[in-house]
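Working notes for the structure below.
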């Protein structure tokens, strides 16, 4: 049971990291990224390739750095295009990464993938505690990233980002460097996605291209929507809820003999879909929405406008 | 105050409660004597169609064993089945759940190499047995601690058989059109080597990515130079698209496909019109269809005589072999009974295909050579299956016709 829970903790941590990253890019800065899975895969493969020669920590840092770099390039690429084209560019990027990983067998092992990826701290503890240590590491990573991003979002940089998201013309008119802000936000998110990929590689110790399907992107968007766009607390809650729903439904068939595997498969995904639809109808701002300050928070006497 | 509607919170709470009940209640309710075994099977995603029959076969044989008095002195098997969703990450959580929550001694099933490969480190770390119905060489490569058994032909065994079929169809100049996946790519080199040995020539090897929207470019490239034959190493969805593309283009080269694409337990013929399928040859590791064991199995599944179950026999055999090995080793301890597998499966010994009779003979201390429904279930020291026969069929008038059985 403990090992199963640690698995869930690691998987929630991975999806929380991906979600937090998307929450900077899309939640705070309004930049749609449909290529999330590409960055995660890139992070995972960089880690898998560099961890044996360099050790896990440099490999993880390299994964984050590479993803940040590529995010920067992508953000600049879309500079001449209208905002929404970033979404299309990122879809393309995700596909390019997938196809490269699958076909450049000399580097990535192609469809066979990469096995025996070394884990952090593996020499410090016995084998049975290996998973526990990784779960603790995953939690620490999420805590670190969360603190960092939360500080960032509350800083003047974060406020400027939200201003750009809500109305870039106004922000530009106020002298904010709109493009630079966007590139920075996109790169930050990219780096965190790289970290999530690294954690994925450490946990599974075997990666192949079929693990990086667009469902990762979909779950990231679901987590952000469920938690409340722009809210990091909400995101953690959203990522946890989605994973809990997915895994909890596994036990339905053990508890009720009438539900068999085939029905459950359909039921599980159906339930998630239903949950999201209900959520959007009943609570479109998310479960723990981003705190929005209104004019009357500062001027209680001033009625009417906001 | 009563709230008459079910809102989201209640739904979530209910789900949570249900899962907790599942977590907490199950081990307490279960008889202490039950022996938990598990399988990871696909019920959704690209390979979803294979899961239900594999589950049915395993469930049926578990029931037979339990109704016949169980094993290890009257203990019953409890089979837990999880959905892999054709996704390695999901396969890993499913395996984790089976290992840690249900405490299974065996994680079987495993249609599809990526999932079997991703689950392998977990199962080995837990010192439990992994039985797969997947082909990639990597599964039994490396240090397996002797815990992995393959109930399927290895990829590298498929290639030479393909070359033999090509030769018997008198196709000399051939092209390979292959999907990028670990199951298929380890077939290519052995195929080329065998073709060269038999005096044929492989003109080109074209690889494509799974889940493409269109395969027109690849089909044009493979069939354009008009080779005598094209060896299509595909799975179901891509083979459906490819064969339609070939029909549309009016190409004349003979097509040799894999059973995973051109048959898929009959799913292929349901997906295309008879004109598209006409004349396509395909091969696959097949159950010994003429054996008494297989005929009994078809009857057990309630299917008409002569039905080819490609994978269902494998899960049936996985359960049988597990039960027999446990009975032979007189323990449910995975690391111990795994050593008994070759004792009860390989010759020498009295051949027996009835699981209850086989169990009785093992109890009586007789040396048996169990014969399964999906294969004769003999294994080499790496856990790879021996003596897999292959079935070469051709599609005529919308029906599969057996050409020959190759070994």
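Protein chains in written order, with the numbering used here: chain A, 141 to 446; chain B, 398 to 804. Glycine included, C-beta positions come from ideal geometry on N, C-alpha and C. As the structure is a computational prediction, the values presented were derived from the model and not from experiment.
- Excluding five sequence neighbours on each side, which residues of the same chain lie with their C-beta closer than 7 angstroms to the C-beta of residue 719 of chain B? Here the set comprises 434, 503.
- Message: Among A:305, A:214, A:203, A:199, whose alpha-carbon lies nearest the alpha-carbon of residue 323 of chain A?
- Response: Per the C-alpha coordinates, the member of A:305, A:214, A:203, A:199 positioned closest to residue 323 of chain A is A:214.
- Item | Rounded straight-line distance, which links the Cα of residue 339 of chain A to that of residue 430 of chain A | For the pair residue 430 of chain A and residue 339 of chain A, the Cα-to-Cα distance works out to about 27 angstroms.
- Task: Give me the Cα-Cα distance between residue 788 of chain B and residue 799 of chain B, rounded to the nearest whole angstrom.
- Result: Here the alpha carbon of residue 788 of chain B sits roughly 7 angstroms from the alpha carbon of residue 799 of chain B.
- Please name the residues in the region 465-484 of chain B whose beta-carbon is closer than 8 angstroms to at least one beta-carbon of chain A, in chain order. Those residues of the region 465-484 of chain B placed with their C-beta closer than 8 angstroms to a C-beta in chain A are 477, 478, 479, 480, 482, 484, ordered along the chain.
- Task: Taking 8 angstroms as the threshold, find out whether the region 589-599 of chain B comes into contact with the region 545-560 of chain B through three or more Cβ pairs.
- Result: These segments touch.
- Message: Once DSSP output is grouped into helix, strand and coil, what is the label at residue 767 of chain B?
- Response: Of the three classes helix, strand and coil, the one that applies to residue 767 of chain B here is strand, per DSSP.
- Message: Could you check whether the Cβ of residue 243 of chain A sits closer than 8 angstroms to any Cβ belonging to chain B?
- Response: At a cut-off of 8 angstroms between beta carbons, residue 243 of chain A contacts chain B.
- Item | Candidates B:660, B:485, B:760, B:715, of which the one nearest residue 393 of chain B by Cα | Look at the range of chain B in this structure, 398 to 804, and you will see that residue 393 of chain B is not part of it.
- Item | beta strand (DSSP E) segment containing residue 576 of chain B, residue limits | Looking at the DSSP string, the run of the beta strand (DSSP E) that includes residue 576 of chain B is 570-576.
- Alpha carbon to alpha carbon, what distance is there between residue 312 of chain A and residue 227 of chain A? Looking at the backbone, the Cα of residue 227 of chain A and that of residue 312 of chain A are separated by about 22 angstroms.
- Item | Contact residues within the region 601-627 of chain B, judged by C-beta distance below 9 angstroms to chain A | The region 601-627 of chain B vs chain A, Cβ under 9 angstroms: 604, 606, 607, 608.
- Whole-angstrom distance between residue 663 of chain B and residue 581 of chain B, CA atom to CA atom: Taken atom to atom, the span from the alpha-carbon of residue 581 of chain B to that of residue 663 of chain B is near 20 angstroms.
- Query: Is the CB-CB distance between residue 553 of chain B and residue 531 of chain B below 8 angstroms?
  - Reply: Not closer than 8 angstroms, so no.
- Could you list which residues in chain B have their beta carbon closer than 9 angstroms to that of residue 305 of chain A, in chain order? Within chain B, no C-beta atom comes less than 9 angstroms from the C-beta of residue 305 of chain A; the nearest is roughly 27 angstroms away.
- Message: To be precise: take each residue of the region 563-586 of chain B, compare its Cβ to all Cβ atoms of chain E, and keep it if any distance is under 7 angstroms. Which residues remain?
- Response: The chain labelled as chain E is not found among the protein chains of the depicted structure, namely A and B.
- What is the residue span of the alpha helix (DSSP H) that residue 584 of chain B lies within? Counting along the chain, the alpha helix (DSSP H) containing residue 584 of chain B begins and ends at 579-594.
- Give the DSSP bridge partners of residue 787 of chain B, in chain order. According to DSSP, residue 787 of chain B bridges with B:682, B:803.
- Query: What does residue 425 of chain A reach in chain B if we use C-beta pairs closer than 7 angstroms?
  - Reply: Chain B residues near residue 425 of chain A: none, gap ~14 angstroms exceeds 7 angstroms.
- Item | Inter-residue CB distance, residue 175 of chain A and residue 234 of chain A (contact presumed, cutoff 8 angstroms) | Rounded, the Cβ-Cβ distance is 3 angstroms, consistent with contact.
- Query: Taking 8 angstroms as the CB-CB cut-off, is residue 501 of chain B touching chain A?
  - Reply: Answer no: the Cβ-Cβ gap between residue 501 of chain B and chain A never drops below 8 angstroms.
- Check the Cβ-Cβ distances between residue 366 of chain A and every residue of chain B, and say whether any is below 8 angstroms. Interface annotation, residue 366 of chain A: not in contact with chain B, CB-CB separation never under 8 angstroms.
- With 16 other CB atoms within 10 Å as the buried threshold, where does residue 423 of chain A fall? Around the beta-carbon of residue 423 of chain A, fewer than 16 other beta-carbon atoms lie within 10 Å, marking it exposed.
- Message: Just to make sure I have the definition right: I need the residues of chain B whose C-beta is within less than 7 angstroms of the C-beta of residue 437 of chain A. Which are they?
- Response: Near residue 437 of chain A there are no residues of chain B at all, since even the closest Cβ is about 29 angstroms away, more than 7 angstroms.
- Evaluate residue 640 of chain B with the Cβ neighbour count: other Cβ atoms within 10 Å of its Cβ, from every protein chain shown; 16 or more gives buried, anything less gives exposed. Result: buried.
- Task: With DSSP collapsed to three states, give me the class of residue 411 of chain B.
- Result: Model confidence at residue 411 of chain B stands at a pLDDT of 49, short of 50, so the residue's coordinates are unreliable; what they give is reported in the following sentence. When DSSP states are grouped into helix, strand and coil, residue 411 of chain B belongs to the helix group.
- Report the rounded CA-to-CA distance for residue 754 of chain B versus residue 699 of chain B, giving the unit in angstroms. Each residue's alpha carbon lies about 21 angstroms from the other.
- Message: If you measure between the beta carbons of residue 411 of chain A and residue 160 of chain A, is that distance less than 8 angstroms?
- Response: Taking 8 angstroms as the Cβ cut-off, residue 411 of chain A and residue 160 of chain A do not qualify as a contacting pair.
- Message: Would the region 440-453 of chain B count as touching the region 471-489 of chain B if we require 3 or more Cβ pairs under 8 angstroms?
- Response: Yes, since at least three Cβ pairs between the region 440-453 of chain B and the region 471-489 of chain B fall closer than 8 angstroms, the two stretches touch.
- Query: According to DSSP, which residues form a beta bridge with residue 433 of chain B?
  - Reply: In the DSSP output, where bridge partners are listed per residue, residue 433 of chain B has B:475.
- Could you tell me whether the region 486-493 of chain B touches the region 315-330 of chain A, using the rule of 3 or more Cβ pairs below 8 angstroms? When C-beta atoms of the region 486-493 of chain B are compared with those of the region 315-330 of chain A, fewer than three pairs fall below 8 angstroms, so the two segments do not count as touching.
- Task: Let me know if residue 750 of chain B comes out buried or exposed under the rule of 16 or more other beta-carbons within 10 Å of its beta-carbon.
- Result: By the neighbour-count definition (other C-beta atoms within 10 Å, threshold 16), residue 750 of chain B is a buried residue.
- Message: Strictly under 8 angstroms for the Cβ-Cβ distance: is residue 552 of chain B near chain A by that measure?
- Response: Among the CB atoms of chain A, none fall inside 8 angstroms of the CB of residue 552 of chain B.
- Query: Does the Cβ of residue 685 of chain B have 16 or more other Cβ atoms within 10 Å, making it buried, or fewer, making it exposed?
  - Reply: With 16 or more Cβ atoms within 10 Å of its Cβ, residue 685 of chain B is classed as buried.
- Kindly list, in the order they appear in chain A, the residues whose Cβ is closer than 8 angstroms to that of residue 535 of chain B. Near residue 535 of chain B (Cβ distances below 8 angstroms), the residues of chain A are 252, 255.
- Message: If I follow the unbroken alpha helix (DSSP H) through residue 301 of chain A, where does it start and stop?
- Response: Under the DSSP assignment, residue 301 of chain A falls in the alpha helix (DSSP H) whose first and last residues are 296-306.
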